[in-house]
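Everything on this sheet refers to the single structure shown next.
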Amino acid sequence: MMKRTKVKELLAAAPAGTDVMVKGWVRTKRDSKGIIFLAVNDGSTINNIQVVAEAAKFDTGLLKDINTGASVAVKGRLVESHGKGQRVEIQAAEIILYGKADPEVYPLQKKGHTLEFLREIAHLRFRTNTFGAVFRMRHAMAFAIHKYFNDKGFCYLHTPIITGSDCEGAGEMFHVTTLDLNNIPKNPAGGADFSKDFFAKETNLTVSGQLEGELGALALGEIYTFGPTFRAENSNTPRHLAEFWMIEPEMAFYDITDNMDLAEDFLKYLINYALENCRDDLDFLTSMYDKGLIDRLKFVLDNPFERITYTTAVKILEDAGRKWEFPVEWGRDLQAEHERYLVEVHYKRPVIITDYPKAIKAFYMKQNEDGKTVKAMDVLFPGIGEVIGGSQREEDYDKLLNRIRELGLKEKDFWWYLETRKFGTAPHSGFGLGFERLMLFMTGMSNIRDVIPFPRTPRNAEF
RNA sequence: UCCUCAGUAGCUCAGCUGGUUAGAGCGGCGGACUGUUAAUCCGUAGGUCGCAGGUUCGAUCCCGGCCUGGGGAGCCA
Numbered sequence: 001m002m003k004r005t006k007v008k009e010l011l012a013a014a015p016a017g018t019d020v021m022v023k024g025w026v027r028t029k030r031d032s033k034g035i036i037f038l039a040v041n042d043g044s045t046i047n048n049i050q051v052v053a054e055a056a057k058f059d060t061g062l063l064k065d066i067n068t069g070a071s072v073a074v075k076g077r078l079v080e081s082h083g084k085g086q087r088v089e090i091q092a093a094e095i096i097l098y099g100k101a102d103p104e105v106y107p108l109q110k111k112g113h114t115l116e117f118l119r120e121i122a123h124l125r126f127r128t129n130t131f132g133a134v135f136r137m138r139h140a141m142a143f144a145i146h147k148y149f150n151d152k153g154f155c156y157l158h159t160p161i162i163t164g165s166d167c168e169g170a171g172e173m174f175h176v177t178t179l180d181l182n183n184i185p186k187n188p189a190g191g192a193d194f195s196k197d198f199f200a201k202e203t204n205l206t207v208s209g210q211l212e213g214e215l216g217a218l219a220l221g222e223i224y225t226f227g228p229t230f231r232a233e234n235s236n237t238p239r240h241l242a243e244f245w246m247i248e249p250e251m252a253f254y255d256i257t258d259n260m261d262l263a264e265d266f267l268k269y270l271i272n273y274a275l276e277n278c279r280d281d282l283d284f285l286t287s288m289y290d291k292g293l294i295d296r297l298k299f300v301l302d303n304p305f306e307r308i309t310y311t312t313a314v315k316i317l318e319d320a321g322r323k324w325e326f327p328v329e330w331g332r333d334l335q336a337e338h339e340r341y342l343v344e345v346h347y348k349r350p351v352i353i354t355d356y357p358k359a360i361k362a363f364y365m366k367q368n369e370d371g372k373t374v375k376a377m378d379v380l381f382p383g384i385g386e387v388i389g390g391s392q393r394e395e396d397y398d399k400l401l402n403r404i405r406e407l408g409l410k411e412k413d414f415w416w417y418l419e420t421r422k423f424g425t426a427p428h429s430g431f432g433l434g435f436e437r438l439m440l441f442m443t444g445m446s447n448i449r450d451v452i453p454f455p456r457t458p459r460n461a462e463f
């Protein structure tokens, strides 16, 4: 019984005339009189292996049924190619057809398709070069993230997907309930009676694992989360999803500078990993979608990120000598046009902005001694904007409690969070990285729907 | 959610400033060609012009509505 060899391995092998078997999907079929060429791909690499079949050796009906999209097993001899396009090829001795793909109705053609069209056939788009490259890279990045943190001694902590806390302020949440929506039990006030619900309280899908992550960090030292998060915002942009994956490291005894150092080192590690391990896919994406992709990855890898305070950023924008659609003024949040100017025009490299006004940042960020700013940090990348947001966390019980009260948040919702500041509190920091935002940068894709296998966006949950 | 552009063959698009039978390239199908590389050459089929209305003798074309998609913005990661 002959064992299957993956295409990636075959393409690297010496054409020694050995008998091999390949299994995969036919990408193209070209035929001449008496001779047929199949390009077979099995997903192990973006490249195809060429199968050469002499028509006379095979059943005519079989050859007619082997079209683009068909799945086959081919046994034959691995030899040096006579043609120019490839080093090796398989001279077919036996072909097994597993599944036909009727060319009259199979939607993928040999010619190029738009990404918009392929989104409508997300169940088949994996079979294209583009999405093969993107999702191989997505896997490689997920693996590299775990490897990075594992090698540094971080603990992968699983934070809950269903949460009972509605206290993030990170956006609208999806409700989780088993109540009969056609017959919702009511409480005396006329609202839904969640005491009758599965968890006997109101629950939602998580918008972030950060608060739970902090609990872990304040015992395990260094943790990270890597899981799905959910936002029920009506955001219709190429940079937002209702369901996306987030990486959130949280480190005890890290201050804001340690935090920035980690974020920069982490991103550069991932870029380097992609350049070293995903070269074929990167070459393809660079030539087909984004001519500057590989050069940009190398540039970001080789140059230090610029680190400036919010106050400095405002000064630069005020002195830029140009009109802004949104006003620049200390205390206002930076808009997309401002971030783009800093990253793409002024510094021409990634920028980390720190020490934002406390009024525009979350309650848990550590307050500076000036009483006006907090130890926040945003990492801004060219093309995609904010890729990382993080901060040193407020470890002082009284300051944290005061901030919760100032903002009118419900103190009792945070009892467990506050207790970590009451018992053995410690300086600590962390950040969040949107995985799909990272993938946009790594692949050169421009729409976030094209870097996640099954995008969830407003009015769209097909597949 | 706001602004803006678009929706015509399986795909990518042209067309009609209202008028008989709506076009191209690619893909499909048939044929030719002993080694092709998104092969090439010849032939051929294929359409509810996004949906439901309105104006009109007549609407794919004009008008308002709705749906879907792209781009930009907001919210954010």
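All residue numbers for the first sequence refer to this note's numbering, where the first residue is 1 and numbers rise by one.
Heads up, the beta-carbon is just placed ideally off N, CA and C, and yes, glycines get one too.
All values reported here derive from a predicted model rather than from experimental measurement.
_Ala263 and Ile388 closer than 8 Å at C-beta_ = Contact: yes.
*For Val379, collect the residues of the same chain with a Cβ closer than 6 Å to its Cβ; drop the 5 residues on either side in sequence, then sort them by chain order.*
Setting aside the 5 residues that flank it on each side, Val379 is surrounded in the same chain by Ala263, Ile352, Val387, Ile388, each with a C-beta closer than 6 Å to its C-beta; the list follows chain order.
*Compute the Euclidean distance between the alpha carbons of Asp450 and Trp245, then round it to the nearest angstrom.*
Per the coordinates, the alpha-carbon of Asp450 lies some 14 Å from the alpha-carbon of Trp245.
*Start-end ranges of the alpha helix (DSSP H) lying completely within the segment 7-87, minimum 4 residues*: Entirely contained in the segment 7-87, the alpha helix (DSSP H) runs reaching 4 residues are, in chain order, 7-12, 60-65.
*Could you round the C-beta distance between Arg27 and Asn41 to whole angstroms and report it? I think they count as a contact, below 8 Å.*
Yes, they are in contact, since the Cβ atoms of Arg27 and Asn41 sit about 5 Å apart, within 8 Å.
_Measuring alpha carbon to alpha carbon, tell me which residue in Asn402, Pro185, Thr206 is nearest Phe174._
Comparing Cα-Cα distances from Phe174 to each of Asn402, Pro185, Thr206, the minimum goes to Thr206.
*Rounded separation between Asp151 and Glu222 - CA only*: The alpha-carbon atoms of Asp151 and Glu222 are separated by roughly 12 Å.
_Suppose the cutoff is 6 Å on Cβ atoms and the five residues either side in sequence are ignored; what does the same chain contact list for Arg403 look like?_
Cβ within range, chain order: Phe363.
_Proximity winner among Pro249, Thr229, Thr225, Glu248, relative to His240 (alpha-carbon distances)_ = Looking at the Cα atoms, Thr229 is the closest of the given residues.
*Identify whether Pro89 lies in helix, strand or coil by the three-state DSSP scheme.*
First, the amino acid is wrong: residue 89 is Glu here, not Pro. Note: Glu89 maps to strand in three-state DSSP.
*Any chance you could list the alpha helix (DSSP H) runs of at least 4 consecutive residues sitting entirely within the segment 226-266, in chain order?*
Runs found: none.
*Looking only at C-alpha atoms, which of Leu282, Gly408, Leu334, Asp302 sits nearest to Asp265?*
Measuring from the Cα of Asp265, the nearest candidate turns out to be Asp302.
*Exposed or buried, which one is Arg437 when buried takes at least 16 other CB atoms within 10 Å?*
Its Cβ being crowded by 16 or more others within 10 Å, Arg437 is buried.
*Please classify Phe463: does DSSP put it in a helix, a strand, or coil?*
Three-state result, Phe463: coil.
*Considering only C-alpha positions, which residue in the set Ile316, Ala53, Asp59 is nearest to Val74?*
Of Ile316, Ala53, Asp59, the residue nearest in Cα terms is Ala53.
*Quick one, which of Lys372, Glu411, Pro382, Lys366 has its alpha-carbon nearest Asp396's?*
If we check each option's Cα against that of Asp396, Lys366 comes out closest.
*Classify Ile448 as helix, strand or coil using the three-state DSSP reduction.*
Note: Ile448 maps to helix in three-state DSSP.
_Proximity test, Thr206 beta-carbon vs the ligand COA heavy atom, cut-off 7 Å_ = The model depicted lacks the ligand COA and carries no ligand whatsoever.
*Buried or exposed: where does Glu458 fall if 16 or more other Cβ atoms within 10 Å of its Cβ makes it buried?*
Glu is not the amino acid found at residue 458; the sequence shown has Pro there. Its Cβ having fewer than 16 others within 10 Å, Pro458 is exposed.
*Kindly indicate which residue of Gly191, Ala140, Arg231, Phe143 has the alpha-carbon position closest to the one of Arg456.*
The option with the nearest alpha carbon to Arg456 is Arg231.
*Could you pull out every residue in the same chain whose Cβ sits closer than 8 Å to the Cβ of Asn236, ignoring the five residues on either side in sequence?*
For Asn236, where only same-chain residues beyond five positions count, the Cβ hits under 8 Å are Thr457, Pro458.
_Local conformation of Ser287 per DSSP, three classes_ = For Ser287, the three-state secondary structure derived from DSSP is helix.
*Which ranges would you report for the alpha helix (DSSP H) in the segment 359-397 if only whole runs of at least 4 residues count?*
For the segment 359-397, not a single whole alpha helix (DSSP H) run of length 4 or above is found.
_If contacts are defined as beta-carbon pairs under 8 Å, then Arg77 and Ile90 qualify, I think. What distance do you get, rounded to the angstrom?_
Right, the Cβ-Cβ distance comes to about 7 Å (below 8 Å), so this counts as a contact.
*Taking contact to mean at least 3 C-beta pairs separated by less than 8 Å, is the segment 10-17 in contact with the segment 77-87?*
The segment 10-17 is in contact with the segment 77-87.
*Can you grab the Cα-Cα spacing for the pair Val479 / Glu337, in whole Å?*
Residue 479 cannot be examined here, being either before or after the span of the chain that is shown, 1 to 463.
_Quick check on this structure: which residue in Asp355, Ala189, Asp193 has the alpha carbon closest to the alpha carbon of Ile308?_
In terms of Cα proximity to Ile308, the closest of Asp355, Ala189, Asp193 is Asp355.
*To which residues of the same chain is Gly43 closer than 7 Å at the C-beta, ignoring the five residues directly before and after it?*
Beyond the five residues adjoining it in sequence on each side, Gly43 comes within less than 7 Å, by CB distance, of Gly132 in the same chain, given in chain order.
*When the Cα atoms are used, what is the spatial distance from Ile23 to Glu80?*
It should be noted that the sequence gives Lys, not Ile, for residue 23. Across the structure, Lys23 and Glu80 are spaced so that their CA atoms are roughly 20 Å apart.
*asked:* Below 8 Å on the Cβ atoms is my contact criterion, and I expect Thr443 with Met21 to pass it. Report the Cβ-Cβ distance as a whole number of Å.
replied: Actually they are not in contact, since the Cβ atoms of Thr443 and Met21 sit about 32 Å apart, beyond 8 Å.
*Could you tell me the distance, in whole angstroms, from the CA atom of Thr225 to the CA atom of Ser429?*
Roughly 14 Å between the two C-alpha positions.
*Taking the C-alpha atoms as reference points, what is the distance between Phe135 and Gly171?*
Rounded to whole angstroms, Phe135 to Gly171 spans 28 Å at the Cα level.
*Would you report the Cα separation of Gln392 and Pro249, rounded to the nearest angstrom?*
Each residue's alpha carbon lies about 12 Å from the other.
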